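All remarks here apply to the structure that follows.
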Amino acid sequence: MKTIVLTFDDACRSHLEIVVPILEKYGFGATFFISQPECWFETPNAHLTKTEIVAFYKRGFELGNHTMNHPDLRILSDPECRSEISLMNDLIKDTGSPSPVSFAYPGGPYAENAAKLLPDHGIRYARTTEHSLWTKETDPLRIPCYSVCNKQLNNFREGLDLLGTREDAALVLLYHGVPDVAHEHCTTDPEIFADHMKYLHDNGYQVLSMADYGNRICQ
């Protein structure tokens, strides 16, 4: 079966209010990557608080680690990277969710210095924003994806075209807010997102979280 791995970054309020009901409608899985820099909460009602993100787990979705403060990990020391990873792990575990096994590099670029530390924190799968498919040959700590937003709508079709009818690979899609009231450059209109999900459903794609697909392909 054609497979999509669906991911969302930054714990936007619209993920819970708009995205989750659409995913539940179609029975789709997904991973929500959590980050909590204080500056994000300067925009009212843009992001979910620690006490609110537990709703994702309670409704059957995976919570992933996106670091506490969303820094460029490539320029941090090992101790600084470890702190960013462990602080978010602890925050997620404090909600009652299991310790994360999935991670998303802040900003998207692969950070080799951080990748070597991830297994020490229980991370098995880590997502970049490099364009390709996730196959058995993919480094599980360097998983590619296609980022979709209003300014990059072509990535949705390009990714699907690359996947084609292959059943030995997955296309990882990344969305931010739907809409993203704090970061307009990566916002997606709710109507567009709803159309994308309907297309996946109507065309027979299975839609999974990162952990679900990783556990299947990385045996």
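Following my numbering, the numbering of the sequence shown begins with 29 at its first residue and continues without gaps.
Each residue gets a CB set at the ideal place from its N, CA and C atoms; glycine is no exception.
Computed from a prediction, not measured in an experiment: that's the story for all the values here.
Starting from the Cα of residue i, find the closest Cα among the options and give me that residue.
| i | options | result |
| --- | --- | --- |
| Asp148 | Ser130, Phe36, Val48, Trp162 | Ser130 |
| Thr156 | Thr166, Gly136, Leu91, Asp167 | Gly136 |
| Pro128 | Ala142, Ser175, Ala154, Gly205 | Ala154 |
| Leu190 | Leu104, Thr215, Thr163, Trp68 | Thr163 |
| Asn243 | Ser125, Arg87, Ile151, Asp100 | Ile151 |
| Phe221 | Ile50, Gly88, Thr71, Gly187 | Ile50 |
| Val176 | Asp167, Pro168, Glu186, Lys78 | Glu186 |
| Leu104 | Glu80, Ala83, Pro126, Asn141 | Asn141 |
| Ser63 | Val47, Leu115, Leu44 | Leu115 |
| Ile32 | Pro72, Thr71, Thr59 | Thr59 |
| Val144 | Pro126, Asp122, Pro168 | Looking at the sequence shown, residue 144 is not Val but Lys. The candidate whose alpha carbon is nearest that of Lys144 is Pro168. |
| Glu165 | His204, Leu146, Ile245, Leu201 | Ile245 |
| Arg110 | Arg87, Ala139, Asp122, Val82 | Ala139 |
| Cys214 | Asp37, Lys30, Met29 | Asp37 |
Under the DSSP definition of a beta bridge, which residues are partnered with residue i?
| i | result |
| --- | --- |
| Thr31 | Ala198, Gln234 |
| Asp37 | Phe61 |
| His75 | Cys40 |
| Tyr203 | Phe36 |
Can you tell me the Cβ-Cβ gap for residue i and residue j, rounded? I've got them flagged as a contact below 8 Å.
| i | j | result |
| --- | --- | --- |
| Tyr85 | His229 | Not quite, the Cβ-Cβ distance comes to about 23 Å (not below 8 Å), so this is no contact. |
| Leu161 | Ala197 | 4 Å |
| Thr77 | Pro134 | Actually they do not touch by this definition, with Cβ atoms about 19 Å apart. |
From what residue to what residue does the alpha helix (DSSP H) around residue i run?
| i | result |
| --- | --- |
| Phe184 | 182 to 191 |
| Pro49 | 48 to 54 |
Checklist entry - Going along the chain, which unbroken runs of the beta strand (DSSP E) with 3 or more residues stay wholly within the stretch 86 to 174? => result Whole beta strand (DSSP E) segments, 3+ residues: 90 to 93, 130 to 132, 153 to 155.
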